[in-house]
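Trainee: The sequence shown lines up with residues 2 to 151 when you count with the working numbering.
By construction, the Cβ of each residue, glycine as well, lies at the ideal position given by its N, Cα and C atoms.
None of the values given here were measured: they were computed from a predicted structure.
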Amino acid sequence: MKFRSLFLALFLLISASVANGAETDYLALLAEDSEIKAIAVVTNVRRMSNNSDGTFQHVTFKRIYGVTPFIPTTFVGGCKTMESRWQKRSSDMVYFNPRKGQKVYVTVTTNGGAITSFTPINAQLEAVLRQEPHRVAYSRGKAKVIPIQQ
2 MKFRSLFLAL
12 FLLISASVAN
22 GAETDYLALL
32 AEDSEIKAIA
42 VVTNVRRMSN
52 NSDGTFQHVT
62 FKRIYGVTPF
72 IPTTFVGGCK
82 TMESRWQKRS
92 SDMVYFNPRK
102 GQKVYVTVTT
112 NGGAITSFTP
122 INAQLEAVLR
132 QEPHRVAYSR
142 GKAKVIPIQQ
């Protein structure tokens, strides 16, 4: 009987820890599988619609450096932003804030598709993207450099 109780308690603890860690970052998975991964400059931001959960925008980018092959010189991605006080932030939505002239590392599902990550570029990120792109990881719409393990 004690063995059964111990086994049940152990099973519940393991199940609870797996359930807590099971929240999958689907946007990170989409960013990993995106056709377009590029260092680019935002050339145009066009407001498409205002909704209670944010403003949908089409963002036009000019490619500076393509991490993936066959990226057009200019490409478009869609995203949501928060622009007005009457809009309510949705807990399961990632919002980006693109500005014209901004230099970023961006991933887009396909030309004209959804922006899956949007990260302002810095010297470290740019160097890693150009030399070791496998060291980039994605989380909640941002790209991060994975440190080198020694």
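State the start and end residues of the unbroken alpha helix (DSSP H) segment that holds residue 27.
Mentor: Looking at the DSSP string, the run of the alpha helix (DSSP H) that includes residue 27 is 27 to 34.
Trainee: What are the boundary residues of the alpha helix (DSSP H) that includes residue 131?
Mentor: Residue 131 -> alpha helix (DSSP H) spans 124 to 132.
Trainee: Apart from the five residues just before and just after residue 59, which ones in its own chain have a Cβ nearer than 7 Å to its Cβ?
Mentor: 47, 49, 77, 79.
Trainee: What residues match up with residue 79 in a beta bridge as DSSP calls it?
Mentor: For residue 79, which the question treats as bridged, DSSP gives the partners 59, 115.
Trainee: Anyone know if the C-beta pair for residue 89 and residue 118 falls short of 8 Å?
Mentor: The answer is no: Cβ separation not under 8 Å.
Trainee: For residue 82, which residues from the same chain have a beta carbon less than 8 Å from its beta carbon, with the 5 sequence-adjacent residues on both sides left out?
Mentor: The residues are 55, 56, 58, 96, 97, 98, 99.
Trainee: Among 145, 139, 85, 120, which has the Cα closest to the Cα of residue 40?
Mentor: Closest option to residue 40, Cα to Cα, is 120.
Trainee: Let's test the definition: count the other Cβ atoms within 10 Å of the Cβ of residue 14 and tell me whether it reaches 16, buried, or not, exposed.
Mentor: Bear in mind that the predicted position of residue 14 carries a pLDDT of just 41, short of 50, making it unreliable; the figure below should be weighed with that in mind. So residue 14 ends up on the exposed side.
Trainee: Can you tell which of 129, 109, 61 has its C-alpha closest to the C-alpha of residue 30?
Mentor: When only C-alpha atoms are compared, the closest one is 109.
Trainee: Determine which residues share a DSSP beta bridge with residue 40 and list them.
Mentor: In DSSP, residue 40 forms a bridge with 66, 106.
Trainee: List the residues that DSSP assigns as beta-bridge partners of residue 139.
Mentor: Answer by DSSP bridge pairing, in chain order: 144.
Trainee: Where does residue 50 fall in DSSP's three states?
Mentor: The answer is strand: DSSP assigns residue 50 an E or B state.
Trainee: Spatial neighbours of residue 122 within its chain, please: C-beta separation below 8 Å, excluding the five flanking residues on both sides.
Mentor: The answer, listed in chain order, is 40, 104, 105, 106.
Trainee: Specify the secondary structure class of residue 121 as computed by DSSP and reduced to three states.
Mentor: It is a strand residue.
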